[in-house]
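To get the numbering used here, take the position in the sequence shown, counting from 1, and add 5. Every residue, glycine too, gets a C-beta built ideally from N, C-alpha and C.
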Amino acid sequence: MFIRISFLSSFISIVSCVLGQTIAVDSDKPQYHKRVVALGDLHGDYNNTLEALRLGKVIDSRGNWAGGSTTLVQVGDIFDRANDTIQIFELLDKLRLQAPLAGGKVLTHIGNHEMMNLLGDWRYVDEAEIETFGGVEKRYEAIAHGQIGQTLRKNYRITTRLPLHPAAGKLENDFDPASTSTSNLSHAALSFVHGGLAFGLPGLTPYPSYLNNLGASLVKKLTERTELPQPYPPSTERPTLPETVTQEEITFNGAEGPYWARDWALTDDSDELCQQAVEVLNSIGCERMLMGHTPLDYIMFTRCNAKIVIVDTGISRGMMDAPSALEIIYTLTPTKTRRTWVEKQVGTAFYRNDTTQLWSDAKEVVGDFEVWH
6 MFIRISFLSS FISIVSCVLG QTIAVDSDKP QYHKRVVALG DLHGDYNNTL
56 EALRLGKVID SRGNWAGGST TLVQVGDIFD RANDTIQIFE LLDKLRLQAP
106 LAGGKVLTHI GNHEMMNLLG DWRYVDEAEI ETFGGVEKRY EAIAHGQIGQ
156 TLRKNYRITT RLPLHPAAGK LENDFDPAST STSNLSHAAL SFVHGGLAFG
206 LPGLTPYPSY LNNLGASLVK KLTERTELPQ PYPPSTERPT LPETVTQEEI
256 TFNGAEGPYW ARDWALTDDS DELCQQAVEV LNSIGCERML MGHTPLDYIM
306 FTRCNAKIVI VDTGISRGMM DAPSALEIIY TLTPTKTRRT WVEKQVGTAF
356 YRNDTTQLWS DAKEVVGDFE VWH
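Encoded structure:
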């Protein structure tokens, strides 16, 4: 749904062609506001990572946090294709510490290339990147047991349900299906994952803890091995999962798993696809699924009226050399009518030489939300 906004001295007049009426917004009461910035795959390019962060207006000229209360989300794939792996992990860890001091937050995710590197699959690792660690053994030690391995275990998740309003729940909690009947903002949340939450994927409930716990268990098993596998290549033997993995973890690491799936990105819009997207979103209590993993045409793209958003543009010079950042602005504004609010969400893609609005939705909701503001 799209609305036109015009600012007047005492109130904002919101004209909705869908609702067919004018809604007088009460400017004397506080508006709730949340800003989210999402970055796609970074693939070892520190300078382009800095450029993407600046496009999202979350760092200053010295690479320090300047995003205020913004929540920054990176959807995985820091490893491979370029040589600045260490610098990017250190930068994100620094911002993770700085952001809360200004009311912000940094959320990071595990992509397929993180899992590949932990497994010993180094097909996309450049020799020069290995040397930045001091050689093969030191690189293995760093990503399995050293600082990178430690931050992967502690700070990187498989998927996130990010509430846009407190009435949609807390970041650290699972979606409560019962909230659908008690709050009109139960689905005011975004789902982030590297590849996608495929239709029919086992473990979509409880969300997100089931998938995150599986991911944490697999990462733990990969990083606790005392004998590290030979990197592939140059080894002729492709690495396999440890013998201790469960069948659930094997399925989780498969082609339809959350950091490998590409169906949402590669399947054209259709009634069937969009119905499947709605069913998945309803089950996890979210309005949209945002993911990386599959860059197309240097730009972000959406499907099913932006229920599906692909944020990967090939930021790294090892991919498409196309830095970008997605900004999501969420507002909940009180109207002149008691307990009635206008909920609005706008998604805007920022590129080197362009800015594109990907969606703008608004609707009227009823509820006692003022207690949160």
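Counting only runs of at least 3 residues, the segment 115 to 186 fully encloses the following beta strand (DSSP E) elements, listed from N- to C-terminal order: 164 to 168.
It is roughly 38 Å from the alpha-carbon of residue 87 to the alpha-carbon of residue 174. C-alpha of residue 119 to C-alpha of residue 289: approximately 25 Å in a straight line. Assignment of beta-bridge partners to residue 349 by DSSP yields 336, 367. Secondary-structure assignment with DSSP links residue 85 through no beta bridge to anything.
For the beta strand (DSSP E) assignment, the uninterrupted runs of no fewer than 3 residues enclosed by the segment 39 to 111 are, from N- to C-terminal side, 76 to 79. According to DSSP, residue pairing for residue 198 in a beta bridge involves 164, 296. When secondary structure is reduced to three states using DSSP, residue 356 falls in the strand class.
If you look at residue 255, you'll find it in the alpha helix (DSSP H) that goes 252 to 257.
Within 10 angstroms of the beta-carbon of residue 164 lie 16 or more other beta-carbons, which makes it buried. At a Cβ-Cβ threshold of 8 Å, residue 274 and residue 300 do not count as neighbours. At a Cβ-Cβ threshold of 8 Å, residue 162 and residue 180 do not count as neighbours. Counting along the chain, residue 314 sits inside the beta strand (DSSP E) bounded by residues 313 to 315.
Within its own chain, the residues whose Cβ lies closer than 6 Å to the Cβ of residue 348, once the five positions on either side in sequence are excluded, are 337, 368, 370, listed in chain order. A Cβ-Cβ distance of about 7 Å is found for the pair residue 54 and residue 96, placing them in contact under the 8 Å criterion. DSSP places residue 307 inside the beta strand (DSSP E), whose first and last residues are 306 to 308. Partner residues in the beta bridge of residue 362, as assigned by DSSP, are 353. With distances taken between CA atoms, residue 81 lies nearest to 45 out of 258, 73, 56, 45. Secondary structure of residue 275 (DSSP, three-state): coil.
The alpha-carbon separation between residue 104 and residue 241 amounts to approximately 44 Å. Taking the Cα positions, residue 62 is about 26 Å away from residue 201. By the neighbour-count criterion, in which a residue is buried when 16 or more other Cβ atoms sit within 10 angstroms of its Cβ, residue 332 is buried.
Under DSSP, no beta-bridge partner is assigned to residue 224.
Approximately 5 Å separates the beta-carbon atoms of residue 90 and residue 49; this is inside 8 Å, confirming the contact.
Per DSSP, the beta-bridge partners of residue 301 are 304. Setting aside the 5 residues that flank it on each side, residue 364 is surrounded in the same chain by 311, 352, each with a C-beta closer than 6 Å to its C-beta; the list follows chain order.
Taking a 10 Å sphere around the C-beta of residue 40, we find 16 or more other C-beta atoms and assign the residue as buried. Nearest C-alpha to residue 354 among 60, 37, 323, 182: 60. If you compare the alpha carbons of 36, 110, 142, 57 with that of residue 234, the shortest gap goes to 142. The three-state secondary structure of residue 216, taken from DSSP, is helix. As far as DSSP is concerned, residue 233 takes part in no beta bridge.
Between the segment 292 to 306 and the segment 209 to 218, the count of Cβ pairs shorter than 8 Å is below three; the stretches do not touch.
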